[in-house]
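So the sequence shown is numbered by this note's numbering: it starts at 35 and just counts up by one.
Just so you know, even glycine gets a beta-carbon here, dropped at the ideal spot from N, CA and C.
As the structure is a computational prediction, the values presented were derived from the model and not from experiment.
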Amino acid sequence: MKRLMVVYGTRPEAIKMAPVIEALDRSAMFRPTVTVTAQHRGLLDQVHALFGIRADHDLDILAPGQSLADITRRVLDGLGPLLREERPDAVLVQGDTTTAFAGALAAFYHRVPVAHLEAGLRTDDRYAPFPEEINRRITTQLASLHLAPTPHARSNLLREGVAPSSVVVTGNTVIDALRGAVGRGTPFGDPALADLEDTARRVLLVTAHRRESWGRGMEAIGGALADLARSEPDLLIVLPLHPNPVVRAAITPHVEHLENVRLTQPLGYGVFARLMDRAHLILTDSGGIQEEAPGLGKPVLVMRDTTERPEALRAGTSRLVGTDRERVVKEVRRLLHDRAAYGAMATAVNPFGDGRAADRTVRALGHWLGLCERPAEFGGDGSVPEPADPSGDGSMPEPHGVRRR
């Protein structure tokens with residue numbers, strides 16, 4: 035049985051790690067240790083409560099006004115002693131957060147091999163999204179096993195010279211998590227959402243938080259929502275506010291006085307999953323929602339100029355609309371009034387997962403550490419791609435730094 039330290043710190047990471055932790059707990063191959071940095075605090079705790087996760091170690095690094103450098107330093111300082119104490123056989127990190135990058139770096143410093151869940155996403159613009167694009171690129175350099183969510187992500191890694199045998203296409207674990215969360219039927223709870231089940235009004239779900247949109251971009255988003263609320267009085271706009279005061283100050287003044295705009299505090303994942311299921315369409319700058327919403331048949335308009343998830347654009351489940359006020363309004367109204375355009379997006383096949391990514395992930399980890407055979411991979415359309423190892427024998431390189439016992 036191998037000791038695997040699972041490291042994460044934000045709500046999106048926790049959501050995507052939750053089904054993997056559950057699968058690891060079921061597996062006879064691993065003894066997982068859950069270590070959270072708490073880069074997010076309340077949002078992280080909500081996910082833990084929903085999925086019944088209890089962390090073995092909590093670094094609790096969140097501090098008011100913390101910078102990216104502060105987060106990096108606190109993660110490195112906190113993980114060092116734990117890695118020396120726990121002596122894991124490997125460390126698993128997820129995605130593109132500063133916790134993922136710093137967690138991988140801490141493991142490297144202690145010669146512990148790193149597996150990277152959701153590897154290979156790229157925009158090829160180092161400042162969009164910021165700092166995520168560089169976080170994930172550096173994590174790729176530190177990782178020995180790359181768990182790519184889609185064939186496109188795998189292609190990105192191979193283009194950068196990553197060894198084909200070290201990449202496994204698993205599908206995205208967020209689809210596993212979403213199916214479980216929607217099935218729980220979590221009550222809305224928030225008074226602002228109390229009448230959602232009793233009204234036939236269409237719901238536009240909105241989320242916004244990206245650093246690269248701070249300032250004019252966020253102001254434009256707030257103005258666009260106000261324009262939509264006034265021009266579409268039968269539309270309910272639901273906006274769970276990001277906790278960052280920069281985001282709130284830019285958007286709230288535009289919409290707080292409008293009857294058909296419902297502002298809420300950040301929602302627990304169970305409530306948010308149910309809200310996505312209730313929504314008619316979604317306007318967001320989130321990466322994860324671009325993956326989740328197509329699984330529920332919800333068109334996604336992405337308030338960004340680039341995306342590291344081009345699979346959704348090609349599949350037709352999402353569309354880039356940027357943060358230009360007039361364009362955002364135009365694209366939302368098009369989907370509200372053009373049934374054919376709405377139907378084409380709502381019925382497109384989700385290219386991100388089939389609900390079995392967590393089990394593939396555990397088998398890929400097991401194979402990497404010499405415990406089982408390599409799993410069949412996710413093809414993005416239900417098919418199985420060509421073997422990642424050109425030798426055809428399913429072999430994978432040894433994890434760098436593994437301590438053989």
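Per DSSP, S189 is one residue of the alpha helix (DSSP H) stretching across 185 to 193. Closest by C-alpha distance to V109, out of P163, A83, V41, is V41.
Close CB contacts of D210 within its chain, under the 6 Å cut and outside five residues either way in sequence, are with P53, G389, A391, A392 (chain order).
With fewer than 16 other Cβ atoms from the protein chains shown falling within 10 Å of its own Cβ, V280 counts as exposed. The C-alpha of P225 lies about 10 Å from the C-alpha of L297. Residue state for L102 is assigned as helix, using DSSP reduced to three classes. Annotation: the segment 333 to 376 contains the following complete segments of the alpha helix (DSSP H) (minimum length 4 residues), in chain order: 344 to 349, 359 to 371. Fewer than three beta-carbon pairs drawn from the segment 347 to 364 and the segment 147 to 157 are found closer than 8 Å, and the two stretches are therefore not classed as touching.
Here the C-alpha atom of G76 lies approximately 23 Å from the C-alpha atom of R213. Beta-bridge partners assigned by DSSP to T67: M39. Taking 8 Å as the cut-off, the Cβ atoms of G413 and P185 count as close. Straight-line measurement puts the Cα of V196 at about 21 Å from the Cα of Y143. By the neighbour-count criterion, in which a residue is buried when 16 or more other Cβ atoms sit within 10 angstroms of its Cβ, Q299 is exposed.
Secondary structure at H276: coil, using DSSP grouped into helix, strand and coil.
Residue environment: E360 is assigned as exposed (fewer than 16 neighbouring CB atoms within 10 Å of its CB, all protein chains considered). Taken atom to atom, the span from the alpha-carbon of A138 to that of P333 is near 34 Å.
With distances taken between CA atoms, D232 lies nearest to F222 out of T241, A254, V240, F222. With a minimum length of 4 residues, the unbroken runs of alpha helix (DSSP H) contained wholly in the segment 249 to 298 fall at 250 to 265, 279 to 289. A distance below 8 Å between beta-carbons, with the five flanking residues on each side excluded, links N206 to the following residues of its chain, in chain order: K50, E152, P183, T184, E325, F386, G387, A391. By alpha-carbon distance to T318, the top candidate from L270, A349, P277, L239 is L239. A residue is called buried when at least 16 other Cβ atoms come within 10 angstroms of its Cβ; H371 does not meet this threshold and is exposed. Per DSSP, the continuous alpha helix (DSSP H) segment holding V396 begins and ends at 391 to 402.
In the DSSP assignment, V237 falls within the unbroken beta strand (DSSP E) covering 237 to 241.
Residue range 179 to 182 is occupied by the beta strand (DSSP E) that includes H180. When secondary structure is reduced to three states using DSSP, L96 falls in the coil class, being assigned neither helix nor strand. Taking a cut-off of 8 Å for Cβ pairs, the segment 302 to 316 and the segment 284 to 294 do not touch, as fewer than three such pairs fall below it. For Q324, the uninterrupted alpha helix (DSSP H) segment begins and ends at 321 to 326. Using a Cβ distance threshold of 8 Å, N294 and P267 count as a contacting pair.
Shown here, I209 sits in a helix according to DSSP, grouped into three states. The DSSP-derived three-state label of H91 is strand. For L315, the pairing in a beta bridge is given by DSSP as L238.
If you ignore the 5 residues before and after H91, its C-beta comes within less than 6 Å of the C-beta of T69, L116, all in its own chain and listed in chain order.
For the 8 Å CB-CB criterion, V202 and P66 do not form a contact. The three-state reading of DSSP puts Q73 in coil, since its state is none of H, G, I, E or B.
Residue T132 holds the alpha-carbon nearest to the alpha-carbon of T44 among G321, V125, T132, M63. At least 8 Å separates the beta-carbon of Y376 from that of Q80.
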